[in-house]
Amino acid sequence: QKEVEQDPGPLSVPEGAIVSLNCTYSNSAFQYFMWYRQYSRKGPELLMYTYSSGNKEDGRFTAQVDKSSKYISLFIRDSQPSDSATYLCAMIEGAGNKLTFGGGTRVLVKP
Amino acid sequence: GAVVSQHPSWVICKSGTSVKIECRSLDFQATTMFWYRQFPKQSLMLMATSNEGSKATYEQGVEKDKFLINHASLTLSTLTVTSAHPEDSSFYICSAREVQGWETQYFGPGTRLLVL
């Protein structure tokens, strides 16, 4: 079993819909959680970074962390075709540790 | 802020040659840089962790003599693929971690390597 599980998709939604992404993890030592967006043939771009359980909002993006359930989510409101990309969750235990990635979810937003 | 560049963005080379890829943090200092490899439709695979002024730490299964990593300054790390072969063809991505922010990494745009 992988440390971080993420549905590979593809997740297809109409423009304007809410995109809902999630990851589950098994390592309770993970403290920091990130969401990256990766366009085809490009490097990942950091979207959101959270620490504690709860919600964090940044523009159209909302990240949720539920440490008790070992479950994190990313919501994208008012989705646009330009949001079509692969979304990777990542997490880290602490200082000096490496990132552990989910496998990525491919999202398609159709005009 | 937090911009990481990579050069070259793509390279085609003949089998047996060596290829050097540069990774630079443009607006911050990075004590630690990471090198990843990514195959089509797969997630990133960590190859090695590079700390400024010390030897890189390689992940299990990664040949250190084939993938030479140098991190000579707080803004530059290089990956040299020595005696490249077609199976080394891949997308190589570096990331950098700020001195003050150990919990986040910023990624470069990636380098696509094709070995003929």
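Chains as they are written, first to last, in my numbering: chain A, 1 to 111; chain B, 1001 to 1116.
Note that the Cβ used here is the ideal one computed from N, Cα and C, for glycine as well.
In the structure shown, what three-state DSSP assignment does residue i receive?
| i | result |
| --- | --- |
| B/Glu1052 | coil |
| B/Asp1065 | coil |
| B/Glu1087 | helix |
| A/Asp58 | strand |
| A/Pro81 | helix |
| B/Thr1032 | strand |
| A/Gln45 | For the record, residue 45 of chain A in the displayed sequence is Glu; it is not Gln. It is a strand residue. |
| B/Asp1027 | coil |
| A/Ser28 | coil |
| B/Phe1039 | coil |
| A/Thr100 | strand |
| B/Leu1046 | strand |
| A/Gln6 | strand |
| A/Gln38 | strand |
| B/Thr1104 | coil |
Return no unless some Cβ of chain B is closer than 8 Å to the Cβ of residue i.
| i | result |
| --- | --- |
| A/Pro44 | yes |
| A/Tyr25 | no |
| A/Gly103 | yes |
| A/Leu88 | yes |
| A/Tyr71 | no |
| A/Arg37 | no |
| A/Leu99 | yes |
| A/Met48 | no |
| A/Arg41 | yes |
Just to confirm, is the Cβ distance from residue i to residue j under 8 Å?
| i | j | result |
| --- | --- | --- |
| B/Glu1059 | B/Leu1046 | yes |
| B/Thr1080 | B/Ser1025 | no |
| A/Leu21 | A/Ser73 | yes |
| B/Phe1034 | B/Cys1094 | yes |
| A/Ile92 | A/Tyr25 | no |
| A/Lys67 | A/Ser53 | yes |
| A/Met100 | A/Ala90 | Per the sequence shown, the amino acid found at residue 100 of chain A is Thr instead of Met. Cβ distance < 8 Å, so A/Thr100 and A/Ala90 count as in contact. |
| A/Gly102 | A/Gln6 | yes |
Identify the residues that DSSP records as bridge partners of residue i: which are they?
| i | result |
| --- | --- |
| A/Phe33 | A/Thr50 and A/Met91 |
| A/Pro14 | A/Lys110 |
| B/Lys1020 | B/Thr1080 |
| B/Val1003 | Answer by DSSP bridge pairing: none, since B/Val1003 is not bridged. |
| A/Asp66 | A/Tyr71 |
| B/Ala1072 | Its beta-bridge partners do not exist; DSSP assigns none. |
| B/Leu1113 | B/Val1011 and B/Ser1090 |
| B/Thr1057 | B/Thr1049 |
Based on Cα-Cα distance, which residue from the options lies nearest to residue i?
| i | options | result |
| --- | --- | --- |
| B/Ala1072 | B/Arg1112, B/Gln1029, B/Gly1108 and B/Leu1044 | B/Gln1029 |
| B/Lys1014 | B/Ser1083, B/Lys1020, B/Leu1044 and B/Lys1066 | B/Ser1083 |
| B/Ser1090 | B/Ser1077, B/Gln1006, B/Ala1048 and B/Trp1010 | B/Trp1010 |
| A/Ser76 | A/Phe61, A/Asn27 and A/Thr86 | Checking the sequence shown, residue 76 of chain A turns out to be Ile, not Ser. Checked all of A/Phe61, A/Asn27 and A/Thr86; the closest Cα to A/Ile76 is A/Phe61. |
| A/Asn27 | A/Val109, A/Gly104 and A/Gly94 | A/Gly94 |
| B/Leu1113 | B/Phe1107, B/Pro1086, B/Ala1096 and B/Arg1097 | B/Pro1086 |
| A/Met79 | A/Lys42, A/Ala85, A/Ser69 and A/Gly16 | At residue 79 of chain A the sequence reads Ser, which differs from the Met that was named. Closest option to A/Ser79, Cα to Cα, is A/Gly16. |
| A/Pro111 | A/Glu5, A/Leu88, A/Ser84 and A/Tyr36 | A/Ser84 |
| A/Asn55 | A/Pro44, A/Gly9 and A/Tyr71 | A/Tyr71 |
| B/Glu1098 | B/Asn1070, B/Gly1061 and B/Glu1052 | B/Glu1052 |
| A/Cys86 | A/Gln1, A/Leu46, A/Pro14 and A/Gly59 | The sequence given here places Thr at residue 86 of chain A; Cys does not occur at that position. It is A/Leu46. |
| A/Leu108 | A/Gln1, A/Val4 and A/Val13 | A/Val13 |
If you measure from the beta carbon of residue i to each beta carbon in chain A, is any gap under 8 Å?
| i | result |
| --- | --- |
| B/Phe1107 | yes |
| B/Leu1044 | yes |
| B/Thr1075 | no |
| B/Arg1037 | no |
| B/Arg1024 | no |
| B/Gly1110 | yes |
| B/Ile1093 | yes |
| B/Thr1049 | yes |
| B/Thr1017 | no |
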